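Number of protein chains: 2
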Amino acid sequence: MRYSHQRERIFRAVSERCDHPTANMVYEQLKVEMPRLSLGTVYRNLNQLADAGRLKKIPLADGSCRFDKTKESHSHIVCDECGAVSDVHLPSFESFEHAIESETGYELRTYDVVLRGVCKDCRACAEQAG
Amino acid sequence: MRYSHQRERIFRAVSERCDHPTANMVYEQLKVEMPRLSLGTVYRNLNQLADAGRLKKIPLADGSCRFDKTKESHSHIVCDECGAVSDVHLPSFESFEHAIESETGYELRTYDVVLRGVCKDCRACAEQAG
DNA sequence: TTCCTACATAGTAACTATTACTGTTATTTA
DNA sequence: TAAATAACAGTAATAGTTACTATGTAGGAA
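Respectively, the protein sequence lines represent chains A and B.
Per my numbering, residue 14 is the first one in the first sequence, and the count goes up by one each step.
Per my numbering, residue 14 is the first one in the second sequence, and the count goes up by one each step.
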């Protein structure tokens, strides 16, 4: 994986924000300073960075993907109202990994947990409205 | 929700098979006997049935969706090689629901857990090959 | 039983998120 | 510095799904 200015900026953009951006959000942010940047480049690099383990890819129920800086392992919770994505720490599955493997016959590689709910802001809105 | 022949057949098709079919798999199965069935009808009905709680919708990491009969609550494991989807029983999150809510400020509604690994068949293939 | 109306359908077009293709540009290494 | 090759921008294509429109059907009221 060879160096490129675009890749580095894309990596930094995701690392520096906390809202788990989509490819398009990264694109919108960067194209202000890099008008020739293309959306395909953003997708390609996000996936390469995820494959290389430098970023984490979070596929959501609606078919879109979010990207996150990799720090210690954690899961995500999505607001059903506004779509915000926040971090959440869950106990790991490691302790029942073996049980899962013998139940299913699968060799377990990884898992995605996406919780869904309503965030504080949206609950506040709902209360005011109703 | 009014009765329709199509809806009933779509429901039965999912209920009677164990491979967590996609909308398209249901469509392919039924159009043999119902040549005028349209894919849009399958999608619409699967989503309505899921909304009504008669089926469960399982959104996968690749952006596609699988549908499953609803029985007792369970999660799913997907084979990274062949895409097969199997059932798996996990301890529920109920016990830490409160902790999650206070950590995140979200009101928890539901969660999707999708495990990923390699199924027995694909591991057998890999062993033979390599 | 017949008529009415709302919901359902088939067929098609559109949409969203993403990936692939093509010719050009830039990084690396020799 | 020059050749090889990975990455780029721009565009076209794809997959999965949803929306639209005209026609058909379920199911209750007359």
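Here a beta-carbon is modelled for each residue, glycine too, at the ideal position from N, C-alpha and C.
Please read all numbers here as calculations on a predicted model, not as lab measurements.
Could you work out which residues of chain A lie near residue i, taking near to mean beta carbons separated by less than 9 angstroms?
i, result
"B/GLY1", "Given a span of 14 to 143 for chain B in the structure shown, any question on residue 1 of chain B remains unanswerable."
The beta strand (DSSP E) spanning residue i covers which residue range?
i, result
"A/ARG22", "Counting along the chain, A/ARG22 falls outside any beta strand (DSSP E), though it belongs to the alpha helix (DSSP H) covering 18 to 29."
"A/ARG79", "78 to 82"
"B/HIS89", "88 to 92"
"B/LEU43", "Here B/LEU43 belongs to no beta strand (DSSP E); instead the alpha helix (DSSP H) covers 36 to 44."
"A/SER10", "Past the boundaries of the shown model lies residue 10 of chain A; chain A is included only from 14 to 143, so the question cannot be answered."
"A/PRO72", "68 to 72"
Taking C-beta pairs closer than 7 angstroms, name the residues in chain A that residue i reaches, listed in chain order.
i, result
"B/LEU121", "LEU128, GLY130"
Since residue i meets chain B, which of its residues come closer than 9 angstroms, beta carbon to beta carbon?
i, result
"A/HIS33", "The premise fails here: A/HIS33 is roughly 13 angstroms from chain B at the closest Cβ pair, so nothing lies under 9 angstroms."
Taking Cβ-Cβ distances shorter than 8 angstroms, what residues in chain B pair up with residue i?
i, result
"A/HIS102", "GLU116"
Quick one: list the residues of chain A neighbouring residue i, beta-carbon separation under 8 angstroms, in chain order.
i, result
"B/ILE23", "Under the 8 angstroms cutoff, chain A gives no residues; its nearest Cβ is about 21 angstroms from B/ILE23."
Looking at the secondary structure, which residues open and close the alpha helix (DSSP H) in which residue i lies?
i, result
"A/CYS50", "For the sequence presented, residue 50 of chain A should be read as Leu rather than Cys. Here A/LEU50 belongs to no alpha helix (DSSP H), and DSSP marks it neither H nor E."
"A/ARG122", "Segment 120 to 131 is the beta strand (DSSP E) holding A/ARG122; no alpha helix (DSSP H) there."
"A/HIS111", "110 to 117"
Check each residue of the stretch 123 to 138 of chain A: if its Cβ is closer than 8 angstroms to any Cβ of chain B, include it; give the result in chain order.
THR123, TYR124, ASP125, VAL126, VAL127, LEU128, ARG129, GLY130, VAL131, CYS132, LYS133, ARG136
For the stretch 83 to 99 of chain A, which residues have a CB atom closer than 8 angstroms to at least one CB atom of chain B, in sequence order?
ILE90, CYS92, ASP93, SER99
Interfacial residues, the stretch 59 to 82 of chain A to chain B, with Cβ spacing under 7 angstroms:
PRO72, ALA74, GLY76
Would you say the stretch 111 to 121 of chain B touches the stretch 120 to 138 of chain A, given that touching needs at least three Cβ pairs under 8 angstroms?
yes
State whether the stretch 55 to 62 of chain A contacts the stretch 27 to 45 of chain A, with contact taken as three or more CB pairs (one from each stretch) at a distance under 8 angstroms.
yes
Segment contact, 8 angstroms Cβ cut-off, at least three pairs: the stretch 95 to 109 of chain A with the stretch 85 to 98 of chain B
no
Indicate whether the contact test is met: 3 or more Cβ pairs, each with one atom in the stretch 76 to 86 of chain A and one in the stretch 28 to 38 of chain A, closer than 8 angstroms.
yes
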